[in-house]
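Asker: Just dropping this structure here.
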Amino acid sequence: GAVVSQHPSWVICKSGTSVKIECRSLDFQATTMFWYRQFPKQSLMLMATSNEGSKATYEQGVEKDKFLINHASLTLSTLTVTSAHPEDSSFYICSAKRYKGQGEDTQYFGPGTRLTVL
Amino acid sequence: AQSVAQPEDQVNVAEGNPLTVKCTYSVSGNPYLFWYVQYPNRGLQFLLKYITGDNLVKGSYGFEAEFNKSQTSFHLKKPSALVSDSALYFCAVSLMNTGFQKLVFGTGTRLLVSP
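Protein chains in written order, with this note's numbering: chain A, 4 to 121; chain B, 2 to 116.
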């Protein structure tokens, strides 16, 4: 299989606090992980691409100082929303690609994390 | 610009009938094409993909899709719909100029299968 987990599945926080979301590939190594956000009834928008051991590449318009991404190992990437505000409330979804040597091109998605900022 | 279009916001079909969810793409070069399904408050589940080879691709849960280069389409199909197929379906393309790293998603089509 190709299972990706996210933790937590939902989180409510106060405005101004920081929230960390974890994304793990459970049964494969992922050199590349992606972070998306999805607003209600809308499509997924790529926020950043995360490669193990290097800095993340952010999409245009995404504040890298606000959305901190760390990809410390081949199975774990974290997204930290710093100084969260109500407009950051969204559904955050990560995905992971298998290690290139395994010849896989598919992104496998986590179940998502619902963030609500009060 | 490279993009994916899903022209229908919603598709309604009766259980047992065939279903089609449409997708067209506009990219430079040869695309990698994907279909994903999303159930409420869940992440996306991979259904199938086209990379190269046979234009008819078979995937999970009885779904299939046909790559049509001349019409730049990749429509998702199933011969007999189930109520449990009701969900949000996304078509996506992987871009050559990103080393096939990034996915660009369509806006999604909600499939509603009635009993």
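Glycine included, each C-beta is placed from N, C-alpha and C at the ideal position.
This one's a predicted model, so the numbers in the text were calculated from it and none came from an experiment.
#1: Leaving out five residues on either side along the sequence, give the residues of the same chain with a beta carbon under 8 Å from the beta carbon of LEU29(A).
#2: Tell me whether SER74(B) sits in a helix, a strand or coil according to DSSP, three-state version.
#3: Pick out whichever of ASN56(B), VAL84(B) and SER115(B) has its Cα sitting closest to the Cα of TYR33(B).
#4: Could you list which residues in chain A have their beta carbon closer than 9 Å to that of ASN42(B), in chain order?
#5: Please name the residue in VAL12(B), GLY60(B), LEU45(B) and SER74(B) whose C-alpha comes closest to that of SER98(A).
#6: Helix, strand or coil: how does DSSP classify VAL22(A) here?
#7: Since PHE68(B) meets chain A, which of its residues come closer than 7 Å, beta carbon to beta carbon?
#8: Using 8 Å as the limit for Cβ to Cβ distance, is GLY106(A) near chain B?
#9: Exposed or buried, what is ASP91(A) when buried is set at 16 or more other beta-carbons lying within 10 Å of its beta-carbon?
#10: Would you mind telling me which residues of chain A sit closer than 9 Å to GLY107(B), beta carbon to beta carbon, in chain order?
#11: So, is LEU49(B) buried or exposed, given that buried needs 16 or more other C-beta atoms within 10 angstroms?
#12: What residues are listed by DSSP as bridge partners for SER115(B)?
#13: Evaluate GLN41(A) with the Cβ neighbour count: other Cβ atoms within 10 Å of its Cβ, from every protein chain shown; 16 or more gives buried, anything less gives exposed.
#14: Using DSSP bridges, identify the partner residues of CYS207(A).
#15: Please name the residue or residues paired with HIS10(A) in a DSSP beta bridge.
#16: Go ahead and pull the three-state DSSP assignment for GLN105(A).
#17: Checking contacts by CB at 8 Å: is PHE47(B) closer than that to chain A?
#18: Scan the stretch 47 to 72 of chain A for residues whose Cβ lies nearer than 7 Å to a Cβ of chain B and list them as they occur along the chain.
#19: Name the chain A residues whose beta carbon is nearer than 9 Å to that of PHE91(B)?
#20: Ordered along the chain, which non-local residues of its own chain (more than five positions away) have a Cβ less than 6 Å from that of LYS23(A)?
#21: So which of GLN45(A), SER76(A), MET48(A) and GLY64(A) has the shortest CA-CA distance to LEU58(A)?
#22: If you reduce the DSSP assignment to three classes, tell me which class TYR62(B) lands in.
#23: Please tell me whether GLN110(A) has its Cβ less than 8 Å away from any Cβ of chain B.
#24: Alpha carbons only, please: which of SER4(B), THR73(B), VAL58(B) and GLN11(B) is nearest the one belonging to LEU89(B)?
#25: In the DSSP assignment, what residue or residues form a beta bridge with SER80(A)?
Answerer: With the structure as the only source:
#1: The beta carbon of LEU29(A) lies closer than 8 Å to those of VAL6, VAL7, SER8 and THR78 in the same chain, with the five residues before and after it left out.
#2: When DSSP states are grouped into helix, strand and coil, SER74(B) belongs to the strand group.
#3: Looking at the Cα atoms, ASN56(B) is the closest of the given residues.
#4: Chain order gives the chain A residues near ASN42(B) as SER12, TRP13, PHE94, PRO114, GLY115 and ARG117, where near means a beta carbon separation below 9 Å.
#5: Comparing Cα-Cα distances from SER98(A) to each of VAL12(B), GLY60(B), LEU45(B) and SER74(B), the minimum goes to LEU45(B).
#6: VAL22(A): strand per DSSP, three-state reduction.
#7: The premise fails here: PHE68(B) is roughly 15 Å from chain A at the closest Cβ pair, so nothing lies under 7 Å.
#8: With a pLDDT of 48 at GLY106(A), under the threshold of 50, the predicted position of this residue should be treated as unreliable, though the coordinate-derived value follows. It does not; no Cβ of chain B falls within 8 Å.
#9: When all chains shown are included, ASP91(A) counts as buried.
#10: Simply SER46.
#11: Per the 10 Å Cβ criterion, buried.
#12: BP columns for SER115(B) point to ALA15(B).
#13: Residue environment analysis places GLN41(A) among the buried positions, since at least 16 neighbouring C-beta atoms fall within 10 angstroms of its C-beta.
#14: Any answer about residue 207(A) is impossible in this case: the structure gives chain A only from 4 up to 121.
#15: In the DSSP output, where bridge partners are listed per residue, HIS10(A) has GLU25(A).
#16: Residue placement at GLN105(A) is poorly supported in this model, since its pLDDT is 47, which falls under 50; the coordinates are not used for a value here.
#17: So yes, PHE47(B) belongs to the interface.
#18: Within the stretch 47 to 72 of chain A, the residues whose Cβ lies closer than 7 Å to some Cβ of chain B are LEU47, LEU49 and THR52, listed in chain order.
#19: When 9 Å is used as the limit between beta carbons, PHE91(B) is near these residues of chain A: SER46 and LEU47, in chain order.
#20: By the criterion of a C-beta distance shorter than 6 Å, LYS23(A) is surrounded in its chain by THR81 and THR83, once the five residues flanking it on both sides are discounted.
#21: The question names Leu, but residue 58(A) in the sequence shown is Lys. The shortest CA-to-CA distance from LYS58(A) to any of GLN45(A), SER76(A), MET48(A) and GLY64(A) is the one to SER76(A).
#22: Correct three-state label for TYR62(B): helix.
#23: Output row for GLN110(A): interface = yes.
#24: The option with the nearest alpha carbon to LEU89(B) is GLN11(B).
#25: For SER80(A), which the question treats as bridged, DSSP gives the partners CYS26(A).
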